[in-house]
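What follows is a single structure, written as structure tokens, with notes after it.
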Amino acid sequence: MIIDYSIDPLAEHYACMVDLLGRAGRVEEAYQLISKMPIKANAGTWGALLGACKMHRRLELGKLAAQKLFEFEPHKTSNYVLLSNMHAEAGRWQEVEKLRRLMKERKVDKQPGCSWVEVKNRVHSFISDDSTQPLTVEIFDTLQCITMHIRNTGYIPEISLH
Numbered sequence: 000m001i002i003d004y005s006i007d008p009l010a011e012h013y014a015c016m017v018d019l020l021g022r023a024g025r026v027e028e029a030y031q032l033i034s035k036m037p038i039k040a041n042a043g044t045w046g047a048l049l050g051a052c053k054m055h056r057r058l059e060l061g062k063l064a065a066q067k068l069f070e071f072e073p074h075k076t077s078n079y080v081l082l083s084n085m086h087a088e089a090g091r092w093q094e095v096e097k098l099r100r101l102m103k104e105r106k107v108d109k110q111p112g113c114s115w116v117e118v119k120n121r122v123h124s125f126i127s128d129d130s131t132q133p134l135t136v137e138i139f140d141t142l143q144c145i146t147m148h149i150r151n152t153g154y155i156p157e158i159s160l161h
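Each residue of the sequence shown is one higher than the last, beginning at 0 in numbering that gives the first Met the number 0.
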């Protein structure tokens, strides 16, 4: 960039490179780029690496990226949830619990998930863990049937914490 365009790369340029390398599965190379950057990596750079680690199941490197992110963004929920989901996928439930406790200590709140669906020109909203929906029992019964059906066909869902 410097030679061809007379542009000194900023942290954002490096974050883009880390993201590209990570998406291509070259996670270790992405980390090496961060290690050799002439400027200090920012939250965007570490976030790109954490996303790549999640995508390619690189838990140990993901833990390092998350720790750096916690320094930059100690109250950003998504960083904790992403690392927690990585631990859950690896079956490391004690680590999941440790992260939940850390979030509580730091007063980091995870907002419940929310979805909307339109049926017959009417919008219905669903909030995670909300049992006030008038048809809650029927909805959960239907979801259970769908889940059993897709598992019987061989589909293995991604394990995520919601």
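By construction, the Cβ of each residue, glycine as well, lies at the ideal position given by its N, Cα and C atoms.
message: Whole angstroms are fine: how far does the CA of R100 sit from the CA of A42?
response: 23 Å
field: Those runs of the alpha helix (DSSP H) which lie wholly inside the stretch 14 to 86 and span at least 4 residues
entry: 26 to 35, 42 to 54, 58 to 71
query: Taking the continuous alpha helix (DSSP H) assigned at I155, which residues delimit it?
result: From DSSP, I155 is part of no alpha helix (DSSP H); its letter is neither H nor E.
- prompt: Quick one: what's got a C-beta closer than 6 Å to M85's C-beta in the same chain, skipping five residues either side?
  reply: K53, L58, G61
field: Residues bridged to V116 (per DSSP)
entry: H123
K109: first and last residue of the uninterrupted alpha helix (DSSP H) it sits in: Premise fails: K109 is in no alpha helix (DSSP H) and is neither H nor E.
field: Endpoints, the alpha helix (DSSP H) within which D3 is located
entry: 1 to 4
query: Would L98 pass as a contact of L82 if the rule is Cβ separation under 8 Å?
result: yes
- request: Helix, strand or coil for A10, going by three-state DSSP, please let me know.
  value: helix
query: With DSSP run on the structure shown, which of helix, strand or coil describes Q93?
result: helix
query: What three-state label does DSSP hand Q143 in the structure shown?
result: helix
query: Does the stretch 35 to 51 touch the stretch 9 to 24, meaning 3 or more C-beta pairs lie closer than 8 Å?
result: yes
query: How is R105 classed by DSSP in three states: helix, strand or coil?
result: coil
For T135, the three-state DSSP class (helix, strand or coil): helix
Presumed contact (8 Å Cβ cut-off) between T44 and A10, rounded CB distance: 6 Å
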